[in-house]
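Only one structure is covered here, and it is reproduced in the block below.
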Amino acid sequence: MAEQQPAEMNTTIPVGTSPPKEVTVAGVPAQPEPQSPQQTLPQTPHNSFMLSPEELKALKEGSQDDPDFSALQEKLSHLNVDNEDDEDDDEDYDPEEDDGTMQIPPSVYRRILALKELQDAREVVQERYRRERAELEAKFRQEYEPLFIKRADIVAGRLDVQKPEPAPESEGADAEEEGDDVMGIPQFWLMVLLHNESVVDLITQDDVPALEYLVDITCEDKVDLTGFRLDFHFAPNPFFKNEVLSKAYDMASIVDHAEPVLEKVTGTSIDWKPEHCLTMREVKRGGKVRVVKRPSFFNFFDTPIMMTPEEQAQNQELLKMHLTYETDYEYALIFRNHLVPEAVLWFTGEAQQDEDDEEYYEEEEEEEEDLEDDEDEDAEMGPPGQSGDQAA
1002 MAEQQPAEMN
1012 TTIPVGTSPP
1022 KEVTVAGVPA
1032 QPEPQSPQQT
1042 LPQTPHNSFM
1052 LSPEELKALK
1062 EGSQDDPDFS
1072 ALQEKLSHLN
1082 VDNEDDEDDD
1092 EDYDPEEDDG
1102 TMQIPPSVYR
1112 RILALKELQD
1122 AREVVQERYR
1132 RERAELEAKF
1142 RQEYEPLFIK
1152 RADIVAGRLD
1162 VQKPEPAPES
1172 EGADAEEEGD
1182 DVMGIPQFWL
1192 MVLLHNESVV
1202 DLITQDDVPA
1212 LEYLVDITCE
1222 DKVDLTGFRL
1232 DFHFAPNPFF
1242 KNEVLSKAYD
1252 MASIVDHAEP
1262 VLEKVTGTSI
1272 DWKPEHCLTM
1282 REVKRGGKVR
1292 VVKRPSFFNF
1302 FDTPIMMTPE
1312 EQAQNQELLK
1322 MHLTYETDYE
1332 YALIFRNHLV
1342 PEAVLWFTGE
1352 AQQDEDDEEY
1362 YEEEEEEEED
1372 LEDDEDEDAE
1382 MGPPGQSGDQ
1392 AA
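Counting from 1002, one number per residue, gives the positions in the sequence shown under this note's numbering.
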């Protein structure tokens, strides 16, 4: 099969653990959102810029389809902070000259300007945080690296460890140790992948023999923390010629508290050996042979696809062969934040057990909260046939 060139695409897409969001592709204008009709508020003097308790409640509890809610949005959209008049102009208010824009009293306007200055100061601190964190990450990366190198040497059998002295009364202390002819830890990374309940969904039965040749997974962050690269290292194998399969993620910043914005995702083009491609298969129909995509862990190295939630719901079969940008990045974070730094815990299954325990306790807490809410509602309602006020 002819070698494919690595594909890459410039995108702007919010990423993280939340449900898929709208993607903006460079060069393609975004489609305007359909606007729902809004109720026009009567023109009001500038000292009515605050919301009443009733309006606040409506804003919190209303829906986009509620006319009152739309009216409040219209009122807030008329907030004007460009009032540079330092004089109290209450007496000069003329309803006939009011253009409908809500003006802010000068005293309040000065306070808003003060808040904006505080926001600017916060941005200066945030920029220093990004810079110093990048330096701190680089410092500790140098301490992590020799540990990961030694781990890779032990797994691959390039480095052996001293046999601990057996306890005097242990059974078989004098017996010949079995398995001395085994090098390293066979299938170490395969077991790491299989023990993660998310990653295991990517692996097919046909992938397993190829993943037995996986000898290491590493992650390298960019010096300025504007992205990272995952490297999957393979021993020589009958499936493909590549020694390393990589997946790189470029973004504005890894350390921002907001969801990072992916700018580019690039994967390695796999150089499959004849008759051993795991991502494509031949289908014979009507005397013709077609090459079609098939599910495989190695599809992870393809460029993700962009689909709306509606398209995803209608194309479940397609999602078995391709990852969306949102899902792709979630897998990348699993490798970067969990499997690479805690590989041995995933190999033994301890990490998965810890996650199961956390989920169990979280579910228990949610059930207790739901039960308390139900009890509170019952208490407010009072006995049958009696309202909460009457019960009090």
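Every residue, glycine too, gets a C-beta built ideally from N, C-alpha and C.
- About 4 Å separates the beta carbon of G1228 from that of D1251, a gap short enough to meet the 8 Å contact definition.
- Within the stretch 1268-1293, the runs of beta strand (DSSP E) at least 3 residues long that lie entirely inside it are, in chain order, 1281-1286.
- For L1148, the enclosing alpha helix (DSSP H) begins and ends at 1107-1157.
- Contact between M1281 and V1292 holds, with the beta-carbon distance rounding to 5 Å and staying under 8 Å.
- Residue pairing by DSSP places K1248 opposite L1231, G1268 in a beta bridge.
- Residue pairing of L1215 in beta bridges, as defined by DSSP: F1235.
- Taking a 10 Å sphere around the C-beta of G1350, we find fewer than 16 other C-beta atoms and assign the residue as exposed.
- Residue pairing of E1221 in beta bridges, as defined by DSSP: R1230.
- For the pair E1331 and S1254, the Cα-to-Cα distance works out to about 16 Å.
- Membership of E1312 in the alpha helix (DSSP H) is indicated by the continuous run 1310-1315.
- In the assembly as shown, M1184 is an exposed residue. Its beta-carbon has fewer than 16 other beta-carbons within 10 Å.
- V1224 is not a Cβ neighbour of F1189, given a cutoff of 9 Å.
- Judged by DSSP secondary structure, M1307 falls outside any alpha helix (DSSP H); it is assigned neither H nor E.
- Residue E1221 holds the alpha-carbon nearest to the alpha-carbon of Q1143 among L1119, E1221, Q1127.
- By the neighbour-count definition (other C-beta atoms within 10 Å, threshold 16), V1200 is a buried residue.
- Look at F1189 here: in three-state DSSP terms it is helix.
- By DSSP's assignment, T1325 forms a beta bridge with I1306.
- F1240 carries a coil assignment under DSSP once its states are collapsed to helix, strand and coil.
- R1337 sits in a helix when the DSSP states are folded into three classes.
- In terms of Cα proximity to I1271, the closest of K1285, E1264, P1239, G1158 is P1239.
- Judged by DSSP in its simplified three-state form, L1320 adopts helix.
- One thing to note: L1340 has its Cβ within 9 Å of the Cβ of L1194.
- With distances taken between CA atoms, T1269 lies nearest to F1241 out of A1344, F1241, R1112.
- Under the DSSP assignment, T1349 falls in the alpha helix (DSSP H) whose first and last residues are 1344-1349.
- By the 16-neighbour rule on beta-carbons within 10 angstroms, F1298 is buried.
- Assigned with DSSP and collapsed to three states, P1054 falls in helix.
- For T1304, the number of other beta carbons within 10 angstroms of its own is at least 16, and it is reported as buried.
- Exposure of A1115 is indicated by the presence of fewer than 16 other C-beta atoms within 10 angstroms of its C-beta.
- In this structure, H1196 sits away from D1217, with a CB-CB distance that is not shorter than 9 Å.
- Taking 9 Å as the cut-off, the Cβ atoms of L1231 and R1152 do not count as close.
- In the three-state reduction of the DSSP assignment, N1197 falls in the coil class.
- Ranked by how close their Cα comes to the Cα of L1226, the residues V1109, I1335, Q1315, K1140 have K1140 in first place.
- DSSP, reduced to helix, strand and coil, places L1160 outside both helices and strands of the structure shown, so it counts as coil.
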